[in-house]
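Asks: Sharing a structure, written as structure tokens. Questions coming.
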Amino acid sequence: MKHKWQYIYLGLLASMTVGLHILTAQNQLSLKDALEEAMQKNPTLASLEENVSAAKAEVWTSRTGHFPVIAANGNYTRFEEPNIITPIHEVGVFPPLDDRIYEGNIQARVPIFNEGRTLMATRTAKTDLATAQAQHTEKIMGIMQNVTILYLKAYRLRDQQQFVHRQLQALRQRYYEVKMRVQEGRQSTNELALL
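Residue 75 is where the sequence shown starts when you use the numbering used here, and the numbers rise one by one after that.
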């Protein structure tokens, strides 16, 4: 019977220790620190923050449909043998031969009317941004809720562990006192068995 209670006590202590890893020996980890650590180390939250940044960039990019577009390009070609590059304008008169060609091109496009596509793209991008921000906020709230619940459970387990420890100390003390009285003959063995 005595061994059975020892196993139950050890089982209780083992199960209570599971949640106590949040708390350090002197309770150094505050709830604020636990929340900050959970926020920093959560990969899903980091991914959602990147989604918010990408959505903000997409809103800015969608607005560029109102801006003029300027494109420039250049080309350089070098031939092994000289060629006629410029056209022949007079019969019998050949232009100079050249083995290098330089080309340049600049284009400008100014949007005048695009049937509201830019405005719709901007609205869609803003909606996507609001969705990304809502998902980010929802994840933060979920992390805060879960960490707070775990933190409170850990404190409750610690309190229960201390309560069980105090109860066991009181029972041991009472057992020792009754055992001494039984040995002195002042109390019956029935009370020791009951205890």
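We treat Cβ as the ideally placed atom computed from N, Cα and C, and that holds for glycine.
For F153, name the three-state secondary structure that DSSP assigns.
Replies: Strand, per DSSP.
Asks: Just the C-alpha distance for K115 and L109, rounded to the nearest angstrom, thanks.
Replies: For K115 and L109, the distance between alpha carbons rounds to 10 Å.
Asks: Buried or exposed, going by whether 16 or more other CB atoms sit within 10 Å of the CB of Y225?
Replies: Y225 is buried by the Cβ-count criterion.
Asks: Please work out which residues of its chain come closer than 6 Å, Cβ to Cβ, to N179, disregarding the five sequence neighbours upstream and downstream, and give them in chain order.
Replies: Same-chain partners within the cutoff: N147.
Asks: Is L269 helix, strand or coil when you go by DSSP?
Replies: Three-state DSSP puts L269 in coil, outside helix and strand.
Asks: Quick one: grab the DSSP three-state call for R246.
Replies: If DSSP states are grouped into helix, strand and coil, R246 belongs with the helices.
Asks: From R232, A182, H163 and I175, pick the residue whose C-alpha is nearest to that of E155; which is it?
Replies: Out of R232, A182, H163 and I175, I175 has the C-alpha closest to the C-alpha of E155.
Asks: Which value, in whole angstroms, describes the spacing of the CA atoms of I217 and T198?
Replies: Computed Cα separation, rounded: 29 Å.
Asks: Given this structure, state the Cα-to-Cα distance separating E251 from S104, to the nearest angstrom.
Replies: Near 42 Å, if we compare the C-alpha coordinates of S104 and E251.
Asks: For the alpha helix (DSSP H) that E132 lies in, which residues bound it at each end?
Replies: P117 to R137 is the span of the alpha helix (DSSP H), which, as asked, contains E132.
Asks: Pop quiz: A112 and V221 are said to be a contact at Cβ under 8 Å. What is the actual Cβ separation, rounded to whole angstroms?
Replies: Sure, about 5 Å apart at Cβ, within 8 Å.
Asks: How is the alpha helix (DSSP H) around E110 delimited, first residue to last?
Replies: Where E110 is concerned, the enclosing alpha helix (DSSP H) stretches over L105 to Q114.
Asks: Assign T201 to buried or exposed, taking buried as 16 or more other Cβ atoms, counted over all protein chains shown, within 10 Å of its Cβ.
Replies: When all chains shown are included, T201 counts as exposed.
Asks: How would you label R191, buried or exposed, when you count the other beta carbons within 10 angstroms and need 16 or more for buried?
Replies: Counting Cβ neighbours within 10 Å, R191 comes out exposed, since fewer than 16 surround it.
Asks: Nearest CA to the CA of P142: which residue from V184, A131, Y150 and N149?
Replies: It is V184 whose Cα lies nearest to the Cα of P142.
Asks: Let me confirm a value: L118 is counted as buried when at least 16 other C-beta atoms fall within 10 Å, else exposed. Which label applies?
Replies: A small correction: the amino acid at residue 118 is Thr; Leu does not occupy that position in the sequence shown. Per the 10 Å Cβ criterion, exposed.
Asks: When the Cα atoms are used, what is the spatial distance from A267 to Q234?
Replies: Going by the C-alpha atoms only, they are around 26 Å apart.
Asks: Ordered along the chain, which non-local residues of its own chain (more than five positions away) have a Cβ less than 7 Å from that of A99?
Replies: In this prediction, A99 scores a pLDDT of 44, lower than 50, which makes its location untrustworthy; the coordinate-derived value is nonetheless stated afterwards. Excluding positions up to five away in sequence, the list is empty.
Asks: Quick one: Cα of F237 to Cα of K213, how far?
Replies: About 36 Å.
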